[in-house]
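K.L.:
Before we start, here is the structure in question, set down as structure tokens.
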Amino acid sequence: MDQLSCFFLSPSLSKVGARDAPAIVAISKHEKQTIGCIPLLLSPPTQIRSLRDLFNVVFNHEFLRFLMILLWLIFAGFVETFMAQLSDMRYNLGPAISKHPLKDLLHDAFPLVADTQIVNYLLTIVLIYTVVGFAFQSPDWTTRYIILRRWAFIMGFIYIFRGITLLVTTLPSSLIDECKPPQIELTGTVGERFGFITQVIGGTALTCTDNIFSGHTSLMMSCCMIWRVHSRLRRVFSWIIYLVATAGILMILFTRFHYTVDVVLAIYITYTAWDTYLNYVQEASMRYMFGFTRDSTFDLFQSQLPLADATRTYQYLNWQPHPLGKKWLMWVIMYVDGLDIRLRGIRVFDEHGIWQSQKPASMAEKKLQVQNNMV
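According to the UniProt record's numbering, the stretch in the sequence shown is residues 1 to 375, in order.
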């Protein structure tokens, strides 16, 4: 049987502690404990050797927790189906209210604001407030450049991704009924098209299918993320930007500048992009500061626990035999963020950019080295 498992299982599982059941490291797994007034075994048995073991496969907190999540999944499915029925009801009412059945009738729940330039005004306020705020509160030019690079790189990714979604998802204009694309987009020269692009960016020209997802929302959401992550001021200053950005997003809906789904997707995608980027910066910092060569959490377990239990404990708590994360993407983000420059600054990387794999000296030791060199 063991030879058969070797044929099917990946050989790397032993290195990451996922070949055997990692739960063998849990000392109290077979104890009966009360969680939420329900006394049950903590975990199911590792092996089935008796009828009681078969009984305990179900009567334990792990299975109870699974049952709760299963009920949540069923509930979420009903909610989704109910919302789909509401969507069909709106679709059926569409011809009576709008000339196009795909019109986002949710907008009819919002007051109508005719001046779409209000959206651009609020977007400009968010941008200026963010630029001025971080020009003053950033402690030095290094941090200013870090924030600017992060914002520019993430927004560039979002714009490219948005371009893909625009290309593959064509919706009628949410602002203009029976919208016809500008002739310059259809027959204009390359130079004329680039000139038209500047008009679109400036808000003086409109296109017909510039919908999923909202670029204005993404830009304002990115500014909010800058304040959420980097601000050193009192929270009231961050609340101001949140309020202005919220007003801007609501105006996008009130002016019919975008569909509601455009705004919802933009908020989610922008937050996810920032979260992914910042997690890679943290991961790279952990790897090169403390000599980790793989996933930093996994290596930290190995450095802090007895080697025999470290990998199994990690898998018991996380169960990720193949954790997400690509090294090439980490290197790209390191370069964009300037993390390799900062690692050179504290001599984790030498002057040739080569990683000094030993644990770096403390700051006190570095100051002493500098003083000795000056003498």
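Heads up, the beta-carbon is just placed ideally off N, CA and C, and yes, glycines get one too.
The model shown is predicted, which means the values in this text are computed figures rather than measured ones.
Could you give the first and the last residue of the continuous beta strand (DSSP E) run that contains Ile38?
P.N.:
Where Ile38 is concerned, the enclosing beta strand (DSSP E) stretches over Ile38 to Leu41.
K.L.:
What runs of the alpha helix (DSSP H), each 4 residues or longer, lie entirely inside the segment 29-76?
P.N.:
DSSP runs (the alpha helix (DSSP H)) wholly in the segment 29-76: 51-56.
K.L.:
Excluding sequence positions up to five away, which residues of its chain have a Cβ less than 7 Å from the Cβ of Trp331?
P.N.:
Around Trp331: no qualifying Cβ.
K.L.:
Rounding to the nearest angstrom, what Cα-Cα distance links Val236 and Tyr242 in this structure?
P.N.:
Whole-angstrom Cα-Cα distance: 10 Å.
K.L.:
Within 9 Å of any Cβ in chain C, is that where the Cβ of Asn211 sits?
P.N.:
Although the question refers to chain C, the structure presented lacks it and comprises just one protein chain.
K.L.:
Name the residue from Thr255, Val168 and Gln47 whose alpha carbon lies nearest to the alpha carbon of Leu122.
P.N.:
Nearest option by C-alpha distance: Thr255.
K.L.:
Roughly how many whole angstroms lie between the Cα atoms of Trp355 and Asp299?
P.N.:
About 17 Å.
K.L.:
Which value, in whole angstroms, describes the spacing of the CA atoms of Asn60 and Ser43?
P.N.:
Answer to the nearest angstrom: the Cα atoms are 6 Å apart.
K.L.:
Within 10 Å of its beta-carbon, does Ile346 have 16 or more other beta-carbons around it, so buried, or fewer, so exposed?
P.N.:
Exposed, since its Cβ has fewer than 16 Cβ neighbours within 10 Å.
K.L.:
Output yes or no for whether 9 Å exceeds the beta carbon distance between His216 and Val113.
P.N.:
Contact: no.
K.L.:
Rank Met220, Phe257 and Thr143 by C-alpha distance to the C-alpha of His230 and give the top, closest one.
P.N.:
It is Thr143.
K.L.:
Name the residue from Ser296, Met225, His258 and Asn318 whose alpha carbon lies nearest to the alpha carbon of Phe110.
P.N.:
Nearest option by C-alpha distance: His258.
K.L.:
What do you get for Arg234, buried or exposed, if any count of 16 or more other CB atoms within 10 angstroms of its CB means buried?
P.N.:
So Arg234 counts as exposed.
K.L.:
Can you name the residues that DSSP bridges to Phe349?
P.N.:
Trp355.
K.L.:
Pairing CB atoms from the segment 325-342 with CB atoms from the segment 265-283, are three or more of them under 8 Å?
P.N.:
The segment 325-342 vs the segment 265-283: in contact.
K.L.:
Are the Cβ atoms of Val126 and Leu219 separated by less than 9 Å?
P.N.:
For Val126 and Leu219, yes; Cβs fall inside 9 Å.
K.L.:
By the three-class DSSP mapping on this structure, what secondary structure does Ile211 have?
P.N.:
Note on residue identity: the sequence assigns Asn, not Ile, to residue 211. Coil.
K.L.:
Are Asp210 and Leu166 close, meaning C-beta to C-beta below 9 Å?
P.N.:
In this structure, Leu166 lies closer than 9 Å to Asp210 by Cβ.
K.L.:
Taking the alpha-carbon positions, what's the Ile341 to Asp140 distance?
P.N.:
Cα-Cα distance, rounded: 15 Å.
K.L.:
By the DSSP assignment, the alpha helix (DSSP H) with Phe257 in it spans what residues?
P.N.:
No alpha helix (DSSP H) contains Phe257, which DSSP labels as neither H nor E.
K.L.:
Could you give the uninterrupted runs of the alpha helix (DSSP H) lying entirely in the segment 215-281, keeping only those of 4 residues or more?
P.N.:
DSSP runs (the alpha helix (DSSP H)) wholly in the segment 215-281: 215-230 and 235-254.
K.L.:
Quick check on the burial criterion: 16 or more other C-beta atoms within 10 angstroms. Buried or exposed for Met68?
P.N.:
The residue in question, Met68, is exposed, as its Cβ has fewer than 16 Cβ neighbours within 10 Å.
K.L.:
Do you know whose CA, among Met225, Val261, Met221 and Ser222, lies nearest Phe213's CA?
P.N.:
Ranking the options by Cα distance to Phe213, first place goes to Val261.
K.L.:
Applying the criterion that 16 or more other CB atoms from any shown protein chain within 10 Å of the CB defines a buried residue, is Arg65 buried or exposed?
P.N.:
The residue is exposed, with fewer than 16 neighbouring Cβ atoms inside 10 Å.
K.L.:
Out of Thr270, Val58, Gly133 and Val131, which has the shortest C-alpha to C-alpha gap to Gly156?
P.N.:
With distances taken between Cα atoms, Gly156 lies closest to Thr270.
K.L.:
Note down, in chain order, each residue of its chain lying with its Cβ closer than 6 Å to the Cβ of Ile35, except the 5 sequence neighbours on either side.
P.N.:
The residues are His61.
K.L.:
Rounded to whole angstroms, how far is the Cβ of Ala21 from the Cβ of Thr46, which I believe are closer than 8 Å?
P.N.:
With 8 Å as the limit, Ala21 and Thr46 qualify as a contact, their Cβ atoms being about 5 Å apart.
K.L.:
Which word fits Leu51, buried or exposed, when buried means at least 16 other C-beta atoms lie within 10 angstroms of its C-beta?
P.N.:
Flag for Leu51 reads exposed.
K.L.:
Span of the alpha helix (DSSP H) holding Ala152?
P.N.:
It spans Trp141 to Val168 - the alpha helix (DSSP H) in which Ala152 sits, taken as one unbroken run.
K.L.:
So what does DSSP say about Asp299, is it helix, strand or coil?
P.N.:
Asp299 falls in the helix class under three-state DSSP.
K.L.:
Using the three-state DSSP reduction, which class does residue 388 fall into: helix, strand or coil?
P.N.:
With the chain covering 1 to 375 only, the question about residue 388 has no answer from this structure.
K.L.:
Can you give me the Cβ contacts of Phe153 inside the same chain, cut-off strictly under 6 Å, excluding the 5 residues immediately before and after it?
P.N.:
Around Phe153: Val336.
K.L.:
Measuring CB to CB, does Ala18 end up less than 9 Å from Trp319?
P.N.:
Against a cut-off of 9 Å, the Cβ pair of Trp319 and Ala18 comes out as a contact.
K.L.:
Mind checking whether Val264 and Ile252 have CB atoms under 9 Å apart?
P.N.:
Contact: no.
K.L.:
Compute the Euclidean distance between the alpha carbons of residue 390 and Asn56, then round it to the nearest angstrom.
P.N.:
Since the displayed the chain opens at 1 and closes at 375, residue 390 lies outside it and no answer follows.
K.L.:
Considering only C-alpha positions, which residue in the set Val16, Leu13, Phe8 and Ala23 is nearest to Tyr316?
P.N.:
The shortest Cα separation from Tyr316 among Val16, Leu13, Phe8 and Ala23 belongs to Ala23.
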